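The block underneath contains the structure these notes are about, expressed in structure tokens.
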Amino acid sequence: MAGFSALDTLSVTKRSSPSKYSTLDAHNQRPSKIDVDLEKHHYSSDDSDDESEDGSDYSSSAVSSRETSGSYSSNRPMLRKKAPPSRRSMAYRLPNRVIRYLCLGLISTLIVFVLGLVRMSIVSSRRIEVGDLGSRPAPRPPTWEKFEFLTRYYGGIRTLVPFSENKPEYPSPEDELPLANDIVVTPVRDIPVSKAFEAYKNHSSPSYLSEYMPVQECFLDEQSTIRIPQLQFYSGRPSGFPDNVIGSYELLGLPEDICFERFGRFGAYGYGYSSKYGGTGTGQYGDMEGSEAVWTESSGTEGVNQVDYSSVNWGAAQKRCYVANAARFDAKSLKSNLTVAKKQLPRNALVIRTWDTFEYREEDILHLRALISELSLGSGGEYDVHLLVQVKDESANPIWADAQTYQAHLNESVPAEFHDIATLWSETQMLMIYQGIFDTFIRDRPVHGPYRGLQMAMQYFAHTHPEYDFFWHWEIDIRYTGHYYSLFSNIDTWAKNQPRKGLWERSSRFYIPSVHGSWEDFKQMVRVQTEMGTESPDNIWAGIKGSKADRPTLDKPIWGPERPHDSQDWFEIENDPSPPTGYDKDKYTWGVGEDADLITFNPLFDPEGTTWLLESDITGYNTSDGLPPRRAAIVTSSRMSRRLLVTMHRETAFKKHHAFSEMWAPTTALHHGYKAVYAPHPVYVDREWPTAYLAGVMNAGRNGATGGARTSVFGDKEHNLLGMSWYYNAGFAPNLWRRWLGFKVNNEGGEEFELTVDEGRDGKGVNGMRGGEGRMCLPPMLIHPVKGVELPVQESPEKEDVPESNPDA
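With UniProt numbering, the residue at position 478 of the sequence shown is 478, and numbering never jumps.
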């Protein structure tokens, strides 16, 4: 019976209703557990049956015993309603054929896509090889190109005003405002009288003669009869002429209240008169009124002094000048009857770099004559000028084969008047002298070549010329509108008086007087920036209150030698200068009166961290702990002491140390504690830069310097220097020089512009200048680079081809 009872229980349970009713009234009924679950989950009767089989809390027998026909209400149907059938999702399967086609199409698409990428890569590589980069959107022009051009650089000598009365077009207190282009110009008037420039008047002063031997006058010829005329200048400046934006005349002791036009500057050296009289046959065009003053005898007598340069030997003239003044330099040359000892002067060599295929045009020859006359003959032998000529093709010109081959190639490469001041050198020669240097071939250039190893030639030149104390490394494409002796002597004096304290830091910045104030203000600003630091332009959180931005990185002032990291890289340091006191105790006295070992014409910047392409071009050092400390100055022109060049020579020969030509001399001076100075000479800009913005761009390196960070102007941002009068690739410099010579540039200027007033122009902007002011007059300024200037030459009557008459005609 027990088995049947169980069977009955299962049977009754399977037929149980999802809703169970009891005999209790509606108020006392409580839904069972299974009822709640059915209502919550919408189970069907089949689902509830399965749950009962798995195990239920209800007794089947108890329920079945009470489920009789009598327990149902008479109003309720006997048969239950069937539960609605559950809806089940039906899975649809694509036919296999369709799936195969889809897979095949997907694989084919991927293969075509990959093959397309491969083909595009090959085509792109070939286009890059041939330089076909396709059409690209033009890059956004730099900010400085949006500034207005300055116009009064091109004013003439007919509008000259005293310097104190000139209202410069730029910079002005309102330089942040747009350029009005309505500068008040002095009306055109007659040309004033020019004056002779006396560059050597100090040589005859009592104070000078009490310390040094008197200067013996030097002449061009052996008979001591041919004197070189003096330069002629005009007082004042053309009305509205802009002021220099970088550097200072007053600081260096240079004259800023005068200006030079082309005849007063080069007329003494053959400009402005025919080759029939020994001139160059150039300059006989444009405004020439008053040009004859340069050839008038200084004694005031009638006639002109146009020197015949056709047979001048500059090398012989320099030697005669030195011999006549040897007592000023060599104590052994003093006569026995001189009892009062005089100070001896140092000797300088101006070494001009050139090459054997260089074409010496008339303008280059005028420039070289000016250098020799003003630095060597005029100074009484304080300078000797040399040409250091590179032989480019040694296979065609084996100059080291014998002396005859050497001299023959020199005569072919250099004009006859400069034969005796020229020295040939070659890359193979440097490779023979400085062997064993590890060459990284940066930018695919050899380390011994003229691009990376230019200083090697200067080192060896100094090694073979022990008679000189200082060497001015000069480039053939540099021009100066003033007197060279005035420039060099004043820079030398200023550099000698600079104290060592803070010198490297000051020399690493551009000095902009309109922003930095006086030199004393600038010096204190640099001290604060070095000791306190400045916020980096890279720090986007700088100036935000509450930010956890890094504090500015402080600079350690350079005080004495800054050695390489590895002591094995130190070389002959026994005689290196060392500070007499600590940095804080020095009262700006150490270094005053000490000759500078290095004088540069651009800031001495730290290349570390900059975008300069050659910042890592240094070899021979242990770089396990990084590159050694280094400095650089763009444009190799500089003055170097014998001590510095000898150290460079010996380090290259014995330690195989070397660096890029613009970095090697400053880095050597840094490692050995030599005195290095950047001379802040006057530099002009072609546009109306807001001066505060210009200062931020030029000194955008670490802690207000020019280097030490990727924001440095030397590197990717050097395009900002294109509008300057001094930089290795400045565009303003050659244009200004050509306009000064009376040429047309960009269809502006020229002979007609100097002589005629164009009333059809409004006078605003460079293209709107009316002209008629006469030839340009520029204050003393360095201009670089100037290349390939072709002066119009008037042939002499002797060279003109005269057609022969034909009696039979």
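Note that the Cβ used here is the ideal one computed from N, Cα and C, for glycine as well. No experiment lies behind these values; they were computed from the predicted model shown.
Asn-746 versus Arg-739: straight-line alpha-carbon distance, rounded:
10 Å
Between the alpha carbons of Asp-444 and Val-789, how many angstroms are there, rounded?
30 Å
Sequence-distant residues of the same chain with beta carbon closer than 6 Å to Glu-417, five excluded per side
Val-312, Trp-314
DSSP state of Leu-554 mapped onto helix, strand, coil:
Three-state DSSP puts Leu-554 in coil, outside helix and strand.
Does Phe-241 come out as helix, strand or coil in the three-state DSSP assignment?
Reduced to three states, the DSSP call for Phe-241 is coil.
Cα-Cα, which of Arg-710, Gln-529, Ser-379 is closest to Asn-202?
Nearest C-alpha to Asn-202 among Arg-710, Gln-529, Ser-379: Ser-379.
When DSSP labels each residue in this structure, what does Trp-570 get in the three-state scheme?
If DSSP states are grouped into helix, strand and coil, Trp-570 belongs with coil.
Whole angstroms is fine: what's the gap from Thr-610's alpha carbon to Gly-620's?
22 Å
Cβ-based burial, Ala-495 [other Cβ within 10 Å; buried from 16]:
With 16 or more other Cβ atoms from the protein chains shown falling within 10 Å of its own Cβ, Ala-495 counts as buried.
Please determine, among Gln-306, Pro-466, Tyr-269, His-516, the residue with the shortest C-alpha to C-alpha distance to Leu-368.
Tyr-269
Can you tell me where the beta strand (DSSP E) with Met-640 in it begins and where it stops?
638-641
Between which residues of its own chain and Thr-357 is the CB-CB distance below 7 Å, once the five residues before and five after are set aside?
Lys-392
For my contact list, Ser-194 and Gly-264 are in at a C-beta cut-off of 8 Å; report their separation, rounded to the angstrom.
6 Å
Report the CB separation of Ile-605 from Thr-668 in whole angstroms; it is logged as a contact under 8 Å.
Going by the sequence as given, residue 605 is Phe instead of Ile. With 8 Å as the limit, Phe-605 and Thr-668 do not qualify as a contact, their Cβ atoms being about 16 Å apart.
Buried or exposed, going by whether 16 or more other CB atoms sit within 10 Å of the CB of Ala-138?
exposed
Using only the alpha-carbon positions, how far apart do Asp-595 and Pro-499 sit?
11 Å
Could you pull the start and end residues of the beta strand (DSSP E) that Tyr-234 belongs to?
232-235
Nearest-angstrom Cα separation, counted from Arg-775 out to Tyr-285
Whole-angstrom Cα-Cα distance: 11 Å.
In this structure, does DSSP put Phe-113 in helix, strand or coil?
Helix, per DSSP.
Tell me the DSSP bridge mates of Tyr-480?
Leu-782
From Gly-249 to Ile-491, what distance separates their C-alpha atoms?
For the sequence presented, residue 249 should be read as Tyr rather than Gly. Roughly 10 Å separates the two Cα atoms.
Within a Cβ cutoff of 6 Å, which residues of the same chain sit near Glu-67, ignoring the five residues on either side of it in sequence?
Residue placement at Glu-67 is flagged as unreliable, the pLDDT there being 45, under the threshold of 50; the coordinate-derived value follows with that caveat. Nothing meets the Cβ criterion.
Taking the straight line between their C-alpha atoms, what separation do you get for Gln-794 and Asn-767?
30 Å
With which residues is Tyr-383 paired in a DSSP beta bridge?
Asn-348
Who are the Cβ neighbours of Met-648 in its own chain at under 7 Å, not counting the five residues just before and after it?
Gln-455, Gln-459, Trp-664, Ala-665, Thr-668
Count the other CB atoms, across all protein chains shown, that sit within 10 Å of the CB of Asp-384; report buried if there are 16 or more and exposed otherwise.
buried
Bridge partners of Ile-599, per DSSP?
Arg-639, Val-677
How about Val-351 and Phe-471: are their beta carbons less than 8 Å apart?
yes
Excluding five sequence neighbours on each side, which residues of the same chain lie with their C-beta closer than 8 Å to the C-beta of Phe-654?
Phe-571
Would you say the stretch 678-694 touches the stretch 573-581, given that touching needs at least three Cβ pairs under 8 Å?
Cβ pair count under 8 Å is below three, so no.
Segment limits, beta strand (DSSP E) that includes Thr-423:
422-425
Which residues in the same chain as Gly-253 place their Cβ atom closer than 8 Å to its Cβ, once the five residues preceding and following it in sequence are excluded?
For Gly-253, where only same-chain residues beyond five positions count, the Cβ hits under 8 Å are Asn-490, Thr-493, Trp-494.
Which residue spans inside the stretch 122-183 form an unbroken beta strand (DSSP E) run of at least 3?
Correct list: empty.
DSSP-derived helix/strand/coil call for Cys-218
coil
From this set, Gly-281, Phe-147, Ala-293, Ser-376, which residue's C-alpha is nearest Cys-218's C-alpha?
Ser-376
Using only CA atoms, which one of Tyr-480, Leu-231, Asn-96, Gly-279 lies nearest to Tyr-309?
Gly-279
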